[in-house]
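Peer 1: Numbering (this note's numbering), first residue to last: 210 to 493.
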Amino acid sequence: MSPVIDAHFHLWQVGRHGFEWPTPDLTAIYRDFAAADLRAAAGEDLHGAVAVQSQPSDADTQWLLRLAETDPLILGVVGWTDLSAPDAATRVAELARHPRLKGLRPMLQGLSDDNWIVRPDVAPALSAMQAAGLVFDALVFTRHLSAIEAVAQRYPDLRIVIDHGAKPPIATTQTQPEATRDWTEGMTAIARHPNVVCKLSGLFTEMRTDQPFDEAAPYVAHLLTVFGPQRLLFGSDWPVVRLNGDWQKWKHWLEDQLNPLTPPERQAIFFTNAKRIYDLQGVP
């Protein structure tokens, strides 16, 4: 397998940089995680990675950017700032001047308003992101997809990345088929917008720990059908993947799912799409 760009991993220090999550009950991930931990988990396969914010905190974003300035593994950062703040557009423009800041993620899954992203007070920040060429990482569930589709329509030059395949309802695929149907229809609709792409990440943690991993296969197949190999990115969601698997297990399982693709198509998903979509400079 050719070298990999991991388009989605996290770093945190418990009790520092605006830390709120994970909580102590998540024992597999309730400790500090550094870039060295990702290197150890991934081994020689890893060429570089995109660090994604894990806390709704400007302090977390600034810490990640400082790490990216000195650690060549971190090719880019997807940070956070309050997109609804009165000065959000100015803040977005300031952040965009940092060469390692590639995108922003407002953590929509945890907000009480499923339509928060289309509120009028958020519009100036989205316009500023589009103008600056930043990526909008969408951390969403199925119920948010209509709002994301509205954003895709209003901001056709804004690159939108759906994180974790919009967290499909794999754990209830047998007991709540209507939830899977809603997800399937929602992802089909959102994929019609050319400025939207999707990460193949986080699926193992949407499963029950007693489920065979192959029950995620139909969801990967659907994403491949509607987005195609040029609009999908590999992400590990390290270290969250440790809740139900590990970096190597997820990568090798996904490689098996993508075996029918041509070598250039697999390389696109595991390497070149991340380089292009996040505009990662200095990647050969």
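Here a beta-carbon is modelled for each residue, glycine too, at the ideal position from N, C-alpha and C.
Since this is a predicted model, take the numbers as computed values, not measurements.
Measuring CB to CB, does A356 end up less than 8 angstroms from V327?
Peer 2: Within the sequence shown, residue 356 is the residue found at index 147, counting from 1. Within the sequence shown, residue 327 is the residue found at index 118, counting from 1. Yes.
Peer 1: To the nearest angstrom, report how far apart D455 and G342 are at their CA atoms.
Peer 2: Residue mapping note: residue 455 aligns to position 246 of the sequence shown, counting from 1. Residue mapping note: residue 342 aligns to position 133 of the sequence shown, counting from 1. Computed Cα separation, rounded: 33 angstroms.
Peer 1: Let's see if you can read the secondary structure: which residues bound the alpha helix (DSSP H) around V301?
Peer 2: Working through the sequence shown from its first residue, we reach residue 301 at position 92. It spans A297 to A305 - the alpha helix (DSSP H) in which V301 sits, taken as one unbroken run.
Peer 1: Beta-carbon separation of E415 and K376 under 8 angstroms?
Peer 2: Translated into positions along the sequence shown, residue 415 becomes position 206. Translated into positions along the sequence shown, residue 376 becomes position 167. It is a contact, given that the beta carbons lie within the stated cut-off.
Peer 1: Could you compute how far the alpha carbon of V223 sits from the alpha carbon of V287?
Peer 2: Along the sequence shown, one-based indexing puts residue 223 at 14. Along the sequence shown, one-based indexing puts residue 287 at 78. Distance between the alpha carbons of V223 and V287: 20 angstroms.
Peer 1: Under 8 angstroms, do F345 and L320 count as touching if we go by C-beta distance?
Peer 2: Numbered from 1 along the sequence shown, position 136 holds the residue referred to as residue 345. Numbered from 1 along the sequence shown, position 111 holds the residue referred to as residue 320. Cβ distance not < 8 angstroms, so F345 and L320 don't count as in contact.
Peer 1: Check whether the region 274 to 293 touches the region 235 to 242, counting contact only when three or more Cβ pairs, one atom from each stretch, lie closer than 8 angstroms.
Peer 2: Short answer: they don't touch.
Peer 1: Quick one: Cα of D465 to Cα of D246, how far?
Peer 2: Your numbering for residue 465 matches position 256 in the sequence shown. Your numbering for residue 246 matches position 37 in the sequence shown. When rounded, the distance between both Cα atoms is 25 angstroms.
Peer 1: Hey, is H402 close to the ligand PLP, as in C-beta under 7 angstroms from one of its heavy atoms?
Peer 2: This structure lacks the ligand PLP; in fact it carries no ligand of any kind.
Peer 1: How big is the Cα-Cα spacing for L442 and D296?
Peer 2: For the purposes of this step, residue 442 is taken as residue 233 along the sequence shown, with counting starting at 1. For the purposes of this step, residue 296 is taken as residue 87 along the sequence shown, with counting starting at 1. Taking the straight line from one Cα to the other gives about 32 angstroms.
Peer 1: Under 8 angstroms: do the region 445 to 463 and the region 394 to 403 share three or more Cβ pairs, one atom per stretch?
Peer 2: Output reads no: the region 394 to 403 does not touch the region 445 to 463.
Peer 1: What does DSSP give as the partner residues of I369 in its beta bridges?
Peer 2: In the sequence shown, residue 369 corresponds to position 160, counting from 1. DSSP output for I369 lists F345 and V405 as bridge partner(s).
Peer 1: In angstroms, rounded to a whole number, what distance separates the CA positions of T393 and T381?
Peer 2: By 1-based counting over the sequence shown, the position of residue 393 is 184. By 1-based counting over the sequence shown, the position of residue 381 is 172. Approximately 14 angstroms between the Cα atoms of the pair.
Peer 1: So, for L467: in the same chain, excluding its five sequence neighbours on each side, which residues have a beta-carbon less than 7 angstroms away from its beta-carbon?
Peer 2: For the purposes of this step, residue 467 is identified with residue 258 of the sequence shown, where counting begins at 1. Closer than 7 angstroms at Cβ, skipping near neighbours: R475 and I478.
Peer 1: Between A250, W272, G252 and L282, which has its C-alpha nearest V259's C-alpha?
Peer 2: Taking the first residue of the sequence shown as 1, we reach residue 259 at position 50. Checked all of A250, W272, G252 and L282; the closest Cα to V259 is L282.
Peer 1: Count the other C-beta atoms from every protein chain shown that fall within 10 angstroms of the C-beta of S410, then say buried if there are 16 or more, exposed otherwise.
Peer 2: By one-based count along the sequence shown, residue 410 stands at place 201. S410 comes out buried.
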